[in-house]
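Position one of the sequence shown corresponds to residue 22 (our numbering), numbered consecutively onward.
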Amino acid sequence: MAGSKRMSREEKRKVVLDVYHKTKKVYTEKEILTLASKSGVNANTVAEINQSLIDDGLVDKEKIGGSNYFWSFPAKKDRLQQLQHEETLRNIEELKKTTAEASANLADAKRGREDEDGDRAKKLVRLAELTKENQATQEELESLRENDPQALADLQKELDLVKHACNRWTDNIFTCKSYLVKKRGMDKKEAMKILGITSAFDYPEDKIPR
22 MAGSKRMSRE EKRKVVLDVY HKTKKVYTEK EILTLASKSG VNANTVAEIN
72 QSLIDDGLVD KEKIGGSNYF WSFPAKKDRL QQLQHEETLR NIEELKKTTA
122 EASANLADAK RGREDEDGDR AKKLVRLAEL TKENQATQEE LESLRENDPQ
172 ALADLQKELD LVKHACNRWT DNIFTCKSYL VKKRGMDKKE AMKILGITSA
222 FDYPEDKIPR
């Protein structure tokens, strides 16, 4: 129809799915094409849209004899949403385990601070691991935020522990640098070279996007 608003792909999917849910009937491919077209979906796109719903598990398809039959009931969509929610919760539990492991390393960080001439390389490696772990967790949180905001709000508090762990390991590196410069009389650049850091080295929490 001239002047009518063009439907987006997602809008077409919703219209086709509504045809199934409103009538709660089983259709042939020709029938669903006709009904979807009457509801405003371009006839040339109905088959592709219907297949996308099948691929996503929102519409069922069964071949009986020489014909394909299609159906979808509201309860199926509700069940899929429940499964997606449960998957989100499982992902959150995995993230909690990750943050718990990072928090357990705080004790190591405290002991490392007292080790003036300890394994500097090991501390740098561990700091890099914690920073990478925190960044990965932040990225995954962003992808889950829309699914379960309340649970993620609680998890955000636990992620602060990971940041604290990163800061502790950074403290260790700075302590080693201070020891080499002040106690050993070493030049700052030489001390940074031994520690494997540059002038850009800083606390990782300031580099993590929010």
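Note that the Cβ used here is the ideal one computed from N, Cα and C, for glycine as well.
Predicted, not measured: the structure shown is a model, and the values here were computed from it.
> To the nearest whole angstrom, what separates the beta carbons of residue 119 and residue 158, a pair I think is in contact under 8 Å?
Replying inline: Start at 1 with the first residue of the sequence shown, and residue 119 comes out as number 98. Start at 1 with the first residue of the sequence shown, and residue 158 comes out as number 137. Correct: roughly 6 Å between the Cβ atoms.
>> Which residue marks the beginning of the alpha helix (DSSP H) containing residue 46, and which one marks its end?
In response: Taking the first residue of the sequence shown as 1, we reach residue 46 at position 25. Boundaries cannot be given for residue 46, as no alpha helix (DSSP H) includes it and DSSP labels it neither H nor E.
>> Taking CB distances under 8 Å as the criterion, tell me whether residue 207 reaches chain C.
In response: Reference to chain C is not applicable here, since this structure consists of a single protein chain.
> What runs of the beta strand (DSSP E), each 3 residues or longer, lie entirely inside the segment 33-88?
Replying inline: Complete beta strand (DSSP E) runs here, min 3: 81-85.
>> To the nearest angstrom, how far is the alpha carbon of residue 138 from that of residue 156?
In response: Indexing the sequence shown from 1 puts residue 138 at position 117. Indexing the sequence shown from 1 puts residue 156 at position 135. Reliability fails at residue 138, whose pLDDT of 49 lies under 50, so the model's placement of it is uncertain and the value that follows must be treated cautiously. Distance between the alpha carbons of residue 138 and residue 156 is about 29 Å.
> Which word fits residue 93, buried or exposed, when buried means at least 16 other C-beta atoms lie within 10 angstroms of its C-beta?
Replying inline: Taking the sequence shown and counting its residues from 1, one reaches residue 93 at position 72. Buried, because 16 or more other Cβ atoms sit within 10 Å of the Cβ of residue 93.
>> Taking 8 Å as the threshold (C-beta atoms), are residue 38 and residue 79 in contact?
In response: Walking along the sequence shown from the start, residue 79 turns up at place 58. Walking along the sequence shown from the start, residue 38 turns up at place 17. Contact: yes.
> Cα-Cα, which of 205, 90, 215, 110 is closest to residue 50?
Replying inline: Start at 1 with the first residue of the sequence shown, and residue 50 comes out as number 29. Scanning 205, 90, 215, 110 for the CA closest to the CA of residue 50 turns up 90.
>> Here's the rule: buried if 16 or more other CB atoms are within 10 angstroms of the residue's CB, otherwise exposed. What is residue 63?
In response: Here the question's residue 63 lines up with position 42 in the sequence shown. By the neighbour-count criterion, in which 16 or more other beta carbons inside 10 Å mark a residue as buried, residue 63 falls on the exposed side.
> So, helix, strand or coil for residue 222, using DSSP?
Replying inline: For the purposes of this step, residue 222 is taken as the residue at position 201 of the sequence shown. Correct three-state label for residue 222: coil.
>> Counting C-beta neighbours from all protein chains within 10 Å, is the total for residue 144 16 or more, i.e. buried, or is it exposed?
In response: Taking the first residue of the sequence shown as 1, we reach residue 144 at position 123. Buried, since its Cβ has 16 or more Cβ neighbours within 10 Å.
> Grouping DSSP H, G and I as helix and E and B as strand, with all else coil, what is residue 94?
Replying inline: Residue 94 sits at position 73 when you count from the first residue of the sequence shown. Residue 94 carries a coil assignment under DSSP once its states are collapsed to helix, strand and coil.
> In terms of residue numbering, what span does the alpha helix (DSSP H) encompassing residue 203 cover?
Replying inline: Translated into positions along the sequence shown, residue 203 becomes position 182. Counting along the chain, residue 203 sits inside no alpha helix (DSSP H), nor does DSSP assign it H or E at all.
> Considering only C-alpha positions, which residue in the set 47, 107, 70, 190 is nearest to residue 29?
Replying inline: Along the sequence shown, read from residue 1 onward, the residue named residue 29 stands at position 8. Put simply, of 47, 107, 70, 190 the residue whose alpha carbon is nearest the alpha carbon of residue 29 is 70.
>> Along the chain, where does the alpha helix (DSSP H) containing residue 28 start, and where does it finish?
In response: Taking the first residue of the sequence shown as 1, we reach residue 28 at position 7. Counting along the chain, no alpha helix (DSSP H) covers residue 28, and no H or E run does either.
> Around the C-beta of residue 146, are 16 or more other C-beta atoms found within 10 angstroms, so that it is buried, or is it exposed?
Replying inline: As a position in the sequence shown, residue 146 is number 125, starting the count at 1. Here residue 146 is exposed. Its C-beta has fewer than 16 other C-beta atoms within 10 Å.
>> Out of 74, 184, 113, 77, which one is the CA nearest neighbour of residue 162?
In response: Against the sequence shown, residue 162 aligns to sequence position 141. When each option's Cα is compared against that of residue 162, the closest is 113.
> Does the beta-carbon distance from residue 56 to residue 40 come in below 8 Å?
Replying inline: The residue labelled residue 56 in the question sits at position 35 within the sequence shown. The residue labelled residue 40 in the question sits at position 19 within the sequence shown. Closer than 8 Å, so yes.
> Would you call the CB atoms of residue 201 and residue 215 closer than 8 Å?
Replying inline: As a working mapping, residue 201 is identified with position 180 in the sequence shown. As a working mapping, residue 215 is identified with position 194 in the sequence shown. The Cβ-Cβ distance between residue 201 and residue 215 falls below 8 Å.
> Going by beta carbon distance, what residues of the same chain come within less than 6 Å of residue 95, once the five residues before and after it are set aside?
Replying inline: Position 74 of the sequence shown, counting from 1, holds the residue named residue 95. Around residue 95: 42.
> Is the CB-CB distance between residue 73 and residue 34 below 8 Å?
Replying inline: For this step, residue 73 is matched to residue 52 along the sequence shown. For this step, residue 34 is matched to residue 13 along the sequence shown. Less than 8 Å divides the Cβ of residue 73 from the Cβ of residue 34.
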